[in-house]
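**Q** Encoded as structure tokens, here's the structure I'll be asking about.
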Amino acid sequence: MANRDATELEIHEYSFNAVLRYLEFLYTAVLVNRSESIEEEAYLKIELLKISDQYQNFDLKQLCQIQLQPYIEKSNVIEFTQLALYYNGAVLLDSCIQVISQRYSFFCKMKEYLELPESVRESILRRYQQSYLYSEPKKAPWVEVYLNSNHSVALRPGQTISDYECSTLGFDPKTQKSIFPKKKINGVGPIYGPP
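Heads up, the sequence shown is in our numbering, so the first residue is 144 and it goes up one at a time.
Listed below in structure tokens is the structure:
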């Protein structure tokens, strides 16, 4: 604890650049990127996140979490998750959960993943299950099947044509003539079907 009459405050836990940027933010409310390398800038933002947590500067803490998000990758997401947990970074934690849930089958077997708190692993699993359940089903492409030299029908792979389906599709299987005019669907044709 610093003496009230002291004119200097020594901070040993952080680099000079991190403390300088923290002071600049206190006076300007702006966080400017000045580092020469991406790694240096990411490390500086991690230090600023730690400082902002220690000195309870919630605006800087929020800004650091947002600016750290682009640095999250498959190779470092577990470390960022641990960082977010330790320094109470809800925004950063949510981004990490999103990245891990997108590659759940890769991460779920890792030792580092299994060492995360159970509540975080449950959140990741829920996010993974939600993305799996609510994602749009992938539709198989239509395939043009030629019934004879003049007629074709659009089918999905593995779909077969029965007499009933032919008549439903507008094709008379006995006379081999379309009951609908020719048209193109998605640039593929000639396809016979209802107008």
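In this text, a Cβ means the ideal position worked out from N, Cα and C, and glycines have one as well.
Quick check: Tyr230 and Leu191, are their CB atoms within less than 8 Å of each other?
**A** Here residue 230 refers to the residue found at position 87 of the sequence shown. Here residue 191 refers to the residue found at position 48 of the sequence shown. No; because the gap between Cβ atoms is not below 8 Å, this pair is not in contact.
**Q** Can you grab the Cα-Cα spacing for the pair Arg269 / Ser244, in whole Å?
**A** Along the sequence shown, one-based indexing puts residue 269 at 126. Along the sequence shown, one-based indexing puts residue 244 at 101. Distance between the alpha carbons of Arg269 and Ser244: 8 Å.
**Q** Starting from Leu152, trace the alpha helix (DSSP H) both ways and give me its first and last residue.
**A** The residue given as residue 152 occupies position 9 in the sequence shown. Here Leu152 belongs to no alpha helix (DSSP H), and DSSP marks it neither H nor E.
**Q** Taking Cβ to Cβ, would you say Ser266 is nearer than 8 Å to Ile240?
**A** Here the question's residue 266 lines up with position 123 in the sequence shown. Here the question's residue 240 lines up with position 97 in the sequence shown. Their beta carbons are under 8 Å apart, which means Ser266 touches Ile240 by this criterion.
**Q** From Ile207 to Ile189, what distance separates their C-alpha atoms?
**A** Here the question's residue 207 lines up with position 64 in the sequence shown. Here the question's residue 189 lines up with position 46 in the sequence shown. Rather than Ile, the amino acid found at residue 207 in this sequence is Cys. Computed Cα separation, rounded: 7 Å.
**Q** Could you work out which residue in Ala233, Pro260, Arg264, Leu236 is closest to Ser248 when comparing CA atoms only?
**A** Here the question's residue 248 lines up with position 105 in the sequence shown. Comparing Cα positions, the closest option is Arg264.
**Q** Here's the rule: buried if 16 or more other CB atoms are within 10 angstroms of the residue's CB, otherwise exposed. What is Gly223?
**A** The count along the sequence shown starts at 1 and reaches residue 223 at position 80. As written in the sequence, residue 223 is Phe, which differs from the Gly given in the question. Buried.
**Q** Ordered along the chain, which non-local residues of its own chain (more than five positions away) have a Cβ less than 6 Å from that of Gly232?
**A** Here residue 232 corresponds to residue number 89 of the sequence shown, with the count starting at 1. Closer than 6 Å at Cβ, skipping near neighbours: Gln208.
**Q** Can you tell me whether DSSP reads Ser292 as helix, strand or coil?
**A** Locating residue 292 in the sequence shown gives position 149, counting from the first residue. In this prediction, Ser292 has a pLDDT of 49, which is less than 50 and means its spatial position is unreliable; what the coordinates show is noted afterwards. Looking at Ser292 - three-state DSSP - the assignment turns out to be coil, as it is neither helix nor strand.
**Q** Of the residues Arg246, Leu236, Val175, Val242, which one's Cα is nearest the Cα of Pro260?
**A** Looking up residue 260 in the sequence shown gives position 117. Of the candidates Arg246, Leu236, Val175, Val242, the one whose C-alpha sits nearest the C-alpha of Pro260 is Leu236.
**Q** Apart from the five residues on each side of it in sequence, which residues of its chain come closer than 7 Å, Cβ to Cβ, to Ala161?
**A** If you number the sequence shown from 1, residue 161 lands on position 18. Taken in chain order, the residues that qualify are Leu187, Glu190, Leu191, Ile194.
**Q** Closer than 7 Å by C-beta to Ser292: which residues in its own chain qualify, once you throw out the five before and the five after it? Chain order, please.
**A** The residue labelled residue 292 in the question sits at position 149 within the sequence shown. Confidence at Ser292 is low in this model, with a pLDDT of 49, below 50, so the placement of that residue is unreliable and no value is reported for it.
**Q** Can Phe168 and Leu203 be called in contact, C-beta distance under 8 Å?
**A** Taking the sequence shown and counting its residues from 1, one reaches residue 168 at position 25. Taking the sequence shown and counting its residues from 1, one reaches residue 203 at position 60. Their beta carbons are under 8 Å apart, which means Phe168 touches Leu203 by this criterion.
**Q** Assuming Tyr256 contacts Ile221 under a Cβ cut-off of 8 Å, what Cβ separation, rounded to an integer in Å, is found between them?
**A** Taking the sequence shown and counting its residues from 1, one reaches residue 256 at position 113. Taking the sequence shown and counting its residues from 1, one reaches residue 221 at position 78. Sure, about 6 Å apart at Cβ, within 8 Å.
**Q** Rounded to whole angstroms, how far is the Cβ of Tyr205 from the Cβ of Ser238, which I believe are closer than 8 Å?
**A** As a working mapping, residue 205 is identified with position 62 in the sequence shown. As a working mapping, residue 238 is identified with position 95 in the sequence shown. What sits at residue 205 in the sequence shown is Gln, not Tyr. Not confirmed; about 13 Å, so no contact.
**Q** With DSSP collapsed to three states, give me the class of Leu174.
**A** What you label residue 174 is simply residue 31 of the sequence shown in a count that begins at 1. Reduced to three states, the DSSP call for Leu174 is coil.
**Q** Among the residues of its own chain, which have a CB less than 8 Å from the CB of Lys217, if the five just before and after it don't count?
**A** Against the sequence shown, residue 217 aligns to sequence position 74. Once the five neighbours on either side are set aside, the close Cβ partners of Lys217 are Val242, Arg246, Phe249.
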